[in-house]
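Below: one structure, written as structure tokens.
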Amino acid sequence: MKRQSGFTLIELVVVIVILGILAATAAPKFMNLQSDARISALNGMKASVKSASAMIYSKAILAGREKLESSDVCSAAGVTATCPDGASVDIVYGYPAGTAEGIVATLPDEMVECEAASSTECDKTADWGYEEAEAGTVYIFSTSAPVTTDCKITYKQSAGDGKNPTITVESDGC
Numbered sequence: 011m012k013r014q015s016g017f018t019l020i021e022l023v024v025v026i027v028i029l030g031i032l033a034a035t036a037a038p039k040f041m042n043l044q045s046d047a048r049i050s051a052l053n054g055m056k057a058s059v060k061s062a063s064a065m066i067y068s069k070a071i072l073a074g075r076e077k078l079e080s081s082d083v084c085s086a087a088g089v090t091a092t093c094p095d096g097a098s099v100d101i102v103y104g105y106p107a108g109t110a111e112g113i114v115a116t117l118p119d120e121m122v123e124c125e126a127a128s129s130t131e132c133d134k135t136a137d138w139g140y141e142e143a144e145a146g147t148v149y150i151f152s153t154s155a156p157v158t159t160d161c162k163i164t165y166k167q168s169a170g171d172g173k174n175p176t177i178t179v180e181s182d183g184c
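When we follow our numbering, the leftmost residue of the sequence shown carries the number 11, and every step to the right adds one.
So this is what it looks like as structure tokens:
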């Protein structure tokens with residue numbers, strides 16, 4: 011009698027079915043990594059925004075401008091007399107204003123202004139984009155994120171003396 015070597019057709023089909031089931035259950039886990047990475051990047055940028063806001067508030071206190079409804083403060087280190095061009099930050103009650111000249115000017119990453127967070131026309135050369143929304147509000151978002159309004163940071167400037175700005179992350183659409 012001949013000895014068989016190799017797999018039978020049924021064994022091959024069973025192995026392929028098992029591999030298909032494993033791939034179907036494992037694929038969503040790996041596909042979700044991009045979303046998790048975007049959410050982590052947003053949370054990292056939120057921490058940068060919060061830190062920059064606190065630093066500018068400290069400078070406003072030192073300059074005696076933390077109670078003014080509208081002013082500016084120099085963000086450059088070691089400046090005593092005149093502030094270099096581009097180093098001035100608009101402030102509202104000591105915290106950065108919700109504008110390009112306010113909170114956006116304090117952030118270290120190069121950012122590009124977009125018409126809307128959901129715009130497909132946004133320049134993708136910069137990692138981060140921003141949109142000035144209603145008065146005192148700026149949306150900050152990753153330019154590599156899906157075109158949606160639910161994957162961004164919302165910065166709302168201080169609403170009054172002694173009130174912190176509101177910084178929130180919307181990550182449902184990431």
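Idealized CB from N, CA, C, for every residue including glycine.
This one's a predicted model, so the numbers in the text were calculated from it and none came from an experiment.
- Query: Looking at the structure shown, is Val89 part of a helix, part of a strand, or coil, going by DSSP?
  - Reply: Mapped onto the sequence shown, residue 89 falls at position 79. Caution applies to Val89, whose pLDDT of 49 falls short of 50 and renders its modelled position unreliable; the value that the coordinates give is listed next. Coil, per DSSP.
- Can you tell me which of the three DSSP states Ser152 falls into? Position 142 of the sequence shown holds residue 152. Strand at Ser152.
- Task: Measure from the alpha carbon of Ala47 to the alpha carbon of each residue in Ser15, Ser154, Gln167, Ala169, then state which is nearest.
- Result: Taking the first residue of the sequence shown as position 1, residue 47 is located at position 37. Per the Cα distances, Ser154.
- The beta strand (DSSP E) spanning Asp46 covers which residue range? Residue mapping note: residue 46 aligns to position 36 of the sequence shown, counting from 1. Run containing Asp46: none in the beta strand (DSSP E); it sits in the alpha helix (DSSP H), 43 to 73.
- With 16 as the cutoff for other CB atoms within 10 Å, does Thr109 come out buried or exposed? Taking the first residue of the sequence shown as position 1, residue 109 is located at position 99. Result: buried.
- Message: Can you tell me whether Leu52 is buried or exposed? The criterion is at least 16 other CB atoms within 10 Å of its CB, across all chains shown.
- Response: Position 42 of the sequence shown, counted from the start, is the residue given in the question as residue 52. Counting Cβ neighbours within 10 Å, Leu52 comes out buried, since at least 16 surround it.
- Task: Report the rounded CA-to-CA distance for Cys124 versus Ile163, giving the unit in angstroms.
- Result: Within the sequence shown, residue 124 is the residue found at index 114, counting from 1. Within the sequence shown, residue 163 is the residue found at index 153, counting from 1. The straight-line gap from Cα to Cα measures roughly 14 Å.
- Item | For Val102, the nearest candidate out of Lys173, Ala36, Ser181, Glu141 (CA to CA) | For the purposes of this step, residue 102 is taken as the residue at position 92 of the sequence shown. That would be Lys173, whose Cα lies nearest to the Cα of Val102.
- Query: Quick one: what's got a C-beta closer than 7 Å to Ile177's C-beta in the same chain, skipping five residues either side?
  - Reply: If you number the sequence shown from 1, residue 177 lands on position 167. The residues are Lys56, Val59, Lys60, Ile163, Tyr165.
- Message: Relative to the C-alpha of Val168, which candidate in Pro38, Glu79, Gly74, Phe151 has its C-alpha closest?
- Response: Sequence index remark: in the sequence shown, residue 168 carries index 158 (1-based). One point to set straight first is that residue 168 is Ser, not Val, in the sequence displayed. Ser168 has its Cα closest to that of Glu79, out of Pro38, Glu79, Gly74, Phe151.
- Go ahead and pull the three-state DSSP assignment for Val122. Against the sequence shown, residue 122 aligns to sequence position 112. Val122 falls in the strand class under three-state DSSP.
- Residues of its chain near Ile71, where Cβ-Cβ distance is below 7 Å and the 5 sequence neighbours each way are ignored: Numbered from its first residue, the sequence shown carries residue 71 at position 61. Hits under 7 Å: Gly104.
- Is Val24 helix, strand or coil when you go by DSSP? Locating residue 24 in the sequence shown gives position 14, counting from the first residue. Of the three classes helix, strand and coil, the one that applies to Val24 here is helix, per DSSP.
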